[in-house]
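Each position in the sequence shown, counted from 1, maps to that position plus 24 in this note's numbering.
Ideal Cβ positions, reconstructed from N, Cα and C, are used throughout, including at glycine.
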Amino acid sequence: MSNFNLLKIGKLSIFSISLILLCLISFACMREKDREEKITQPIKIYTSLFVLENLTKQLIPHGEIESLITKGADPHNFEPSLKDIQKLYTANLVIYLGDTDVDRWIDKIKDELLQKGVKVLRLQDFLPMSRYTASEELDPHVWLDPLMTMQIIKIIKDEIIALNPKEKNLVEKNYLFYKEKLENLDKMYRETLLNCTLRDVISSHEFLNYLALRYNFNPHFIVHEPEDEPSPKRIKFLKDFVKKNKIEYILTEPEGEKITKSLMAEAKLEALIFDTYHKKTEKEYLSVMEENLQSLSKALKCKGNNEK
């Protein structure tokens with residue numbers, strides 16, 4: 025082969041390599057531009073529960089934050105549609121509790137979400153969650169304990185900052201502001217429940233475990249899950265327990281009348297509303313928890329509760 029042909033091949037090789045390098049650099053620049061554009065857009069977060077939506081909005085109120093469960097729907101009975109799952113694929117972050125009876129369905133698609141580039145925050149991996157007393161299921165009602173809620177917002181805060189460091193100052197500021205409110209809520213609970221005549225309280229279903237452990241009272245319930253039917257044996261036991269311990273009230277969710285009706289009639293109890301914040305509402309978490317404290321303090325006959 026002549027020197028001329030070798031030179032020609034060499035020039036072609038250099039040209040080809042240069043062209044390939046140029047394409048790679050252009051592609052990398054395009055990817056970086058797309059990434060920057062995505063970050064500058066409002067962060068999109070989906071949550072499994074409304075309470076997680078509400079708490080996340082305290083940290084980054086300008087974000088696109090939404091829970092999939094529609095207003096009035098019970099998360100215990102929620103089944104996501106194909107459209108719901110497709111929404112999750114468009115998110116920057118998906119937040120849920122974990123292997124619980126209200127949102128374990130996300131566990132089933134977690135790997136698929138990760139493969140599509142969606143960050144997934146499974147709170148169970150970071151929280152000291154415990155099981156129900158009446159089953160081996162994990163008890164999801166961690167948000168009814170103000171100090172557990174404080175842990176939740178810190179975990180979410182750290183994840184948002186890791187995802188979008190440019191928002192760090194704002195998110196940290198909002199976190200500290202809301203953390204102080206939760207500390208005040210905890211103080212309010214401790215002071216109100218410190219001096220009570222009773223230490224036992226009856227609820228419609230099993231939702232008070234975390235709150236009771238935190239503030240040192242004894243929770244009892246009619247049924248384990250809201251959809252369960254109260255048994256005559258359980259009603260008889262609670263009727264005797266109520267009489268023996270001079271209990272006058274029962275804590276119930278707004279929709280729990282069917283569960284409490286029989287015991288209320290037989291034991292002559294009055295119902296006090298306790299909002300478990302399962303369902304979508306216009307109310308904010310802190311105001312709901314303050315209202316819950318009023319009901320709880322009345323049920324436990326705490327000093328300073330002047331309601332009759």
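Which same chain residues, not among the five before or five after residue i, have their C-beta less than 8 Å away from its C-beta?
| i | result |
| --- | --- |
| Met-288 | Ile-274, Glu-294 and Ala-295 |
| Glu-20 | Past the boundaries of the shown model lies residue 20; the chain is included only from 25 to 332, so the question cannot be answered. |
| Asp-123 | Asp-131, Gln-148 and Leu-162 |
| Asp-108 | Leu-92 |
| Glu-56 | The predicted model places Glu-56 with a pLDDT of 46, which falls under 50 and marks its position as unreliable; any figure quoted below should be read in that light. No residues qualify anywhere along the chain. |
| Glu-290 | Ile-259 and Lys-263 |
| Lys-134 | Val-144 and Arg-146 |
If distances are taken between C-alpha atoms only, which option among the options comes closest to residue i?
| i | options | result |
| --- | --- | --- |
| Asp-299 | His-165, Ile-69 and Ile-119 | His-165 |
| Val-144 | Ser-72, Ser-319 and Ile-297 | Ser-72 |
| Lys-270 | Asn-316, Leu-232 and Ala-323 | Ala-323 |
| Leu-209 | Phe-245, Pro-243, Met-172 and Leu-83 | Met-172 |
| Leu-151 | Ala-158, Gly-141 and Leu-162 | Leu-162 |
| Lys-140 | Asp-149, Tyr-113, Lys-132 and Gly-122 | Tyr-113 |
| Tyr-301 | Glu-90, Leu-83, Pro-99 and Thr-80 | Pro-99 |
| Gln-110 | Leu-222, Leu-137 and Tyr-213 | Leu-137 |
| Ile-177 | Ile-67, His-248 and Glu-77 | Glu-77 |
| Glu-315 | Asp-149, Ala-291 and Glu-277 | Glu-277 |
| Glu-251 | Tyr-202, Asp-264, Lys-282 and Val-118 | Lys-282 |
| Tyr-156 | Thr-284, Tyr-70, Ala-291 and Phe-245 | Phe-245 |
| Arg-128 | Thr-284, Gln-148, Ala-291 and His-86 | Gln-148 |
| Val-247 | Asn-240, Leu-262 and Phe-241 | Leu-262 |
| Lys-267 | Glu-306, Leu-200 and Leu-222 | Leu-222 |
| Trp-167 | Tyr-120, Leu-217, Pro-85 and Pro-66 | Tyr-120 |
| Ile-180 | Cys-326, Asn-116 and Lys-327 | Asn-116 |
| Asn-219 | Val-75, Lys-327 and Ile-84 | Lys-327 |
| Tyr-213 | Gln-318, Lys-203 and Gln-65 | Gln-318 |
| Ala-158 | Met-313, Leu-232, Lys-203 and His-86 | Leu-232 |
| Lys-68 | Val-118, Leu-83 and Ala-97 | Val-118 |
| Tyr-202 | Gln-65, Leu-83, Thr-284 and Tyr-70 | Leu-83 |
| His-86 | Lys-211, Val-142 and Pro-66 | Pro-66 |
| Met-313 | Phe-265, Thr-284 and Lys-211 | Lys-211 |
| Val-142 | Tyr-70, Phe-265 and Pro-256 | Tyr-70 |
| Asn-240 | Leu-217, Glu-306 and Thr-284 | Leu-217 |
If you count every other CB in all the chains shown that lies within 10 Å of the CB of residue i, and 16 or more means buried, which is it?
| i | result |
| --- | --- |
| Lys-332 | Bear in mind that a pLDDT of 43 at Lys-332, under 50, signals an unreliable position, so the model cannot answer this. |
| Glu-160 | exposed |
| Asn-193 | exposed |
| Ser-154 | exposed |
| Ser-311 | exposed |
| Asn-198 | buried |
| Glu-215 | exposed |
| Ile-297 | exposed |
| Phe-74 | buried |
| Phe-183 | According to the sequence provided, residue 183 is Glu. The question's Phe does not apply to it. Buried, by the Cβ-count rule. |
| Leu-200 | exposed |
| Lys-32 | Here the model assigns Lys-32 a pLDDT of 48, short of 50, so the residue's position is not dependable, and the following value carries that caveat. Its Cβ having fewer than 16 others within 10 Å, Lys-32 is exposed. |
Within the same chain, show all residues whose beta-carbon is closer than 7 Å to that of residue i, passing over the 5 residues directly before and after it, in chain order.
| i | result |
| --- | --- |
| Ser-105 | none |
| Asp-169 | Tyr-234, Leu-235 and Arg-238 |
| Ser-286 | Pro-254 and Ile-259 |
| Lys-35 | Annotation note: pLDDT 49 at Lys-35 (below 50); position unreliable, coordinate value reported separately. None. |
| Leu-206 | Pro-170, Thr-173 and Met-174 |
| Asn-329 | Ser-321 and Lys-322 |
| Glu-272 | Leu-293 and Glu-294 |
| Glu-308 | Asn-78 |
| Lys-325 | Cys-220, Thr-221 and Leu-222 |
Excluding five sequence neighbours on each side, which residues of the same chain lie with their C-beta closer than 6 Å to the C-beta of residue i?
| i | result |
| --- | --- |
| Gly-280 | Ser-228 |
| Ile-185 | Lys-192 and Val-195 |
| Lys-81 | Ile-89 |
| Lys-17 | This structure cannot settle anything about residue 17, because the visible part of the chain is limited to 25 through 332. |
| Phe-102 | Ile-93 |
| Arg-350 | No answer is possible for residue 350: the residues shown for the chain start at 25 and end at 332. |
| Asn-242 | Arg-223 and Asp-224 |
Sequence ranges, alpha helix (DSSP H) only - wholly within the region 87-165, length at least 4: Runs found: 106-113 and 129-139.
Minimum length 3: unbroken beta strand (DSSP E) runs contained in the region 241-273: The beta strand (DSSP E) runs lying completely inside the region 241-273 and spanning 3 residues or more are 242-247, given in chain order.
The region 221-232 contacting the region 185-196, beta-carbon criterion three pairs below 8 Å: By the Cβ test, the region 221-232 is not in contact with the region 185-196, since fewer than three Cβ pairs between them sit closer than 8 Å.
Completely contained alpha helix (DSSP H) runs for the region 168-233, where each covers 4 or more residues: As for any alpha helix (DSSP H) of minimum length 4 sitting wholly inside the region 168-233, the runs are 170-187 and 192-216, ordered along the chain.
Length-filtered (3 minimum) beta strand (DSSP E) runs lying within the region 282-330: Within the region 282-330, the complete beta strand (DSSP E) runs of at least 3 residues are 294-297.
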